[in-house]
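In full-length UniProt numbering, the protein residues as written are 1 to 146. Using N, Cα and C, we set each Cβ at its ideal position, and we do this for glycine too. The model shown is predicted, which means the values in this text are computed figures rather than measured ones.
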């Protein structure tokens, strides 16, 4: 992949890890093709990350697979498998295990929340059923022009 040969070797993760001695953590959505066979599959952990939990494929909140430090782990449709909760839990584990207070760390949490489909955690399914977002006159203005 082009991005693996070029850009991936020069990210802020690699710079902070290699040049500034940071401990690094990444969890969530990485790049659209991450996890595909042509991109190295789930065993590919991008350079610069000490802890890695990369989402394989696109934005799914249930029934998805994470690459946990290069090992594929499938999560189902159980309540406790909601993606944002899972990567938050992995992040908490990282922080709790962190015992070198002299070494700075970088943590990136990248839930795919801005991407459709917009799937809430099951505990939130009906929480805002009757709430409507306020709309100003310029809401969605571009589509009104076309």
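Length of the line joining the Cα atoms of residue i and residue j
i	j	result
residue 65	residue 111	13 angstroms
residue 18	residue 89	26 angstroms
residue 96	residue 107	13 angstroms
residue 16	residue 102	15 angstroms
residue 55	residue 80	17 angstroms
residue 126	residue 78	17 angstroms
residue 74	residue 136	42 angstroms
residue 20	residue 139	44 angstroms
residue 131	residue 117	19 angstroms
Distance between beta carbons of residue j and residue i, contact taken as under 8 angstroms
i	j	result
residue 8	residue 47	6 angstroms
residue 10	residue 50	With 8 angstroms as the limit, residue 10 and residue 50 do not qualify as a contact, their Cβ atoms being about 18 angstroms apart.
residue 105	residue 25	7 angstroms
Beta-carbon proximity check, residue i vs residue j, cutoff 7 angstroms
i	j	result
residue 109	residue 121	no
residue 83	residue 61	yes
residue 42	residue 76	no
residue 69	residue 52	yes
residue 28	residue 87	yes
residue 115	residue 59	yes
Close Cβ partners of residue i (< 6 angstroms) along its chain, the five nearest in sequence each way excluded
i	result
residue 72	42 and 65
residue 34	54
residue 13	24, 48 and 49
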